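Enquirer:
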Amino acid sequence: MKKEIQDVLDALRTFIIEHQYEDTSMLTAYVGFDTTAQDNQRERPAWLIELKNESKLIEEQLDSEALKRLDTQNKWKNTEEMIMSHLETNKPEGRSTVIFTDHQDFLTLNLPIPLQTKLYYGAPQLKPLLFSLDHYKKFAVVLFSEEEAKIHEVFLTVPSEEARVQTGPLGGISLRPGGQTARTQASKRRDLETERQVVKVAAEEINKYLQSDFKIEHFVFGGNLKIAHAVKNALHPSINASLITIQPMSFDSTNNEIAKNVKDIAESRETEHDLALVDELVSRRHACGTAVLEPQGVRLALEQGQVSKVVFSVPFECENFDKLVIKCILNNCDIEFLHGKAAAKLNEFGGVAAVLYYSGK
13 MKKEIQDVLD ALRTFIIEHQ YEDTSMLTAY VGFDTTAQDN QRERPAWLIE LKNESKLIEE
73 QLDSEALKRL DTQNKWKNTE EMIMSHLETN KPEGRSTVIF TDHQDFLTLN LPIPLQTKLY
133 YGAPQLKPLL FSLDHYKKFA VVLFSEEEAK IHEVFLTVPS EEARVQTGPL GGISLRPGGQ
193 TARTQASKRR DLETERQVVK VAAEEINKYL QSDFKIEHFV FGGNLKIAHA VKNALHPSIN
253 ASLITIQPMS FDSTNNEIAK NVKDIAESRE TEHDLALVDE LVSRRHACGT AVLEPQGVRL
313 ALEQGQVSKV VFSVPFECEN FDKLVIKCIL NNCDIEFLHG KAAAKLNEFG GVAAVLYYSG
373 K
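In structure tokens, the structure reads:
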């Protein structure tokens, strides 16, 4: 997912710069047309009703003086029709779409994440997009038995906290090509050699599978623990580094059981990472001055081009963070979001921090 996030940020940066966002108010449209939702399967889908309501709400919020201007009236008269026309011309894919437009040019991003239909006018509204992308995770779960290995793909999404499980395209990997009879007739030495070869083949297949899908950030082994550990030791080092844990998970686990296991693992790992990050930021600030932990310092560091990464707590405490997010994108900074205990800890310092290229002292 990291590559997709970077592609999105690069496209946004180009669009924002070309359209002079500081001088031009933009419409940001989040359209959640997720066809897996029952309300969106009707002849008049829920997202269309929500879009109409959002369009009316935006017009009501516009300054009355601005609405007296003919160009503003014309611009907003057909907002809903403009978005619908754009969606018909550019068929949406995935489960939601985000559109940035100055009512002339468009930047459209299709997402695999279900998002709420919402319209914003003014500065480009990026928080829901970036937050959702940051928390969209794809895991692989490899379960082993004495006879085979099977791969499941698990998709975790926020804000719906949904976990979807599907069988990986690879299907199953046979771990006993010779069959039970052939094994019992072989000598102990030959049997051991066969097992080594089987582990090697399984590791090669898993290496190939995970290397071919850059969206899979982490994976988990389960099932027969002896075989899982043997395959782990045979994996390519770059793949081994992405193995989070080997869990005592049954080979016959249901999709719901697999999803729950992965959600628990992901939440525990993320909490541990986030708390460690806050501790690191505090340490950097005190030890060498390569971090700042309050909004004013972060803004100044961004203006001076010192920032390599900005860390935000979620939910955002202040609407001024919208401008900080845009500055991060324009400066090509990494962005990371914290929630739960780590977010509460960062909120003690103003809810935002930055890692610097060099000391600001």
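Heads up: the sequence shown is residues 13 to 373, going by my numbering. Here a beta-carbon is modelled for each residue, glycine too, at the ideal position from N, C-alpha and C. Being a predicted model, the structure only gives us computed values, none of them experimental.
Please list the terminal residues of the continuous alpha helix (DSSP H) segment that includes T109.
Expert: Here T109 belongs to no alpha helix (DSSP H); instead the beta strand (DSSP E) covers 108-113.
Enquirer: Return the CA-CA distance between L131 and G317, expressed in angstroms with no decimal places.
Expert: When rounded, the distance between both Cα atoms is 32 Å.
Enquirer: Which word fits E173, buried or exposed, when buried means at least 16 other C-beta atoms lie within 10 angstroms of its C-beta?
Expert: Note that E173 has pLDDT 48, beneath the 50 cutoff, so the model's placement of it is unreliable and no number is given.
Enquirer: Which residue marks the beginning of the beta strand (DSSP E) containing E229, and which one marks its end?
Expert: 228-235 is the extent of the beta strand (DSSP E) around E229.
Enquirer: The beta strand (DSSP E) that contains E348, what's its start and end?
Expert: Counting along the chain, the beta strand (DSSP E) containing E348 begins and ends at 346-350.
Enquirer: Whole angstroms are fine: how far does the CA of L168 sit from the CA of G191?
Expert: For G191, the predicted model reports a pLDDT of 43, less than 50, meaning its position is unreliable; a value from the coordinates is still stated below. Using only the alpha carbons, I get a separation of about 37 Å.
Enquirer: Hey, quick one: how far does the beta strand (DSSP E) through A41 stretch, first residue to last?
Expert: Note, A41: beta strand (DSSP E), 38-43.
Enquirer: With DSSP collapsed to three states, give me the class of E105.
Expert: Note: E105 maps to coil in three-state DSSP.
Enquirer: For D296, is the classification buried or exposed, using 16 other Cβ atoms within 10 angstroms of its Cβ as the cut-off for buried?
Expert: Residue 296 is actually Arg in this sequence, not Asp. Under this definition R296 is a buried residue.
Enquirer: For R107, does the count of other Cβ atoms within 10 angstroms reach 16, so buried, or fall short, so exposed?
Expert: The residue in question, R107, is buried, as its Cβ has 16 or more Cβ neighbours within 10 Å.
Enquirer: For G352, tell me which candidate among P327, K335, L342, N344 has the shortest Cα-Cα distance.
Expert: G352 has its Cα closest to that of P327, out of P327, K335, L342, N344.
Enquirer: From what residue to what residue does the alpha helix (DSSP H) around V322 run?
Expert: Counting along the chain, V322 falls outside any alpha helix (DSSP H), though it belongs to the beta strand (DSSP E) covering 319-325.
Enquirer: Between which two residues does the alpha helix (DSSP H) harbouring G309 extend?
Expert: Run containing G309: 307-315, per the alpha helix (DSSP H) assignment.
Enquirer: Where does P307 land, buried or exposed, given buried means 16+ other C-beta within 10 angstroms?
Expert: When all chains shown are included, P307 counts as buried.
Enquirer: In the DSSP output, what is A366 paired with across the bridge?
Expert: Per DSSP, V304, V322.
Enquirer: Among A288, V364, S157, L289, whose alpha-carbon lies nearest the alpha-carbon of G235?
Expert: Of the candidates A288, V364, S157, L289, the one whose C-alpha sits nearest the C-alpha of G235 is S157.
Enquirer: Quick check on the burial criterion: 16 or more other C-beta atoms within 10 angstroms. Buried or exposed for S7?
Expert: Look at the range of the chain in this structure, 13 to 373, and you will see that residue 7 is not part of it.
Enquirer: Taking all protein chains shown into account, do 16 or more other C-beta atoms lie within 10 angstroms of the C-beta of F226, making it buried, or fewer, making it exposed?
Expert: The residue in question, F226, is exposed, as its Cβ has fewer than 16 Cβ neighbours within 10 Å.
Enquirer: With distances taken between CB atoms, is the gap from L305 to A365 smaller than 7 Å?
Expert: Closer than 7 Å, so yes.
Enquirer: Let's test the definition: count the other Cβ atoms within 10 Å of the Cβ of E279 and tell me whether it reaches 16, buried, or not, exposed.
Expert: With fewer than 16 other Cβ atoms within 10 Å, it is exposed.
Enquirer: Rounded to whole angstroms, what is the Cα-Cα separation between E71 and D146?
Expert: Their Cα atoms are separated by approximately 31 Å.
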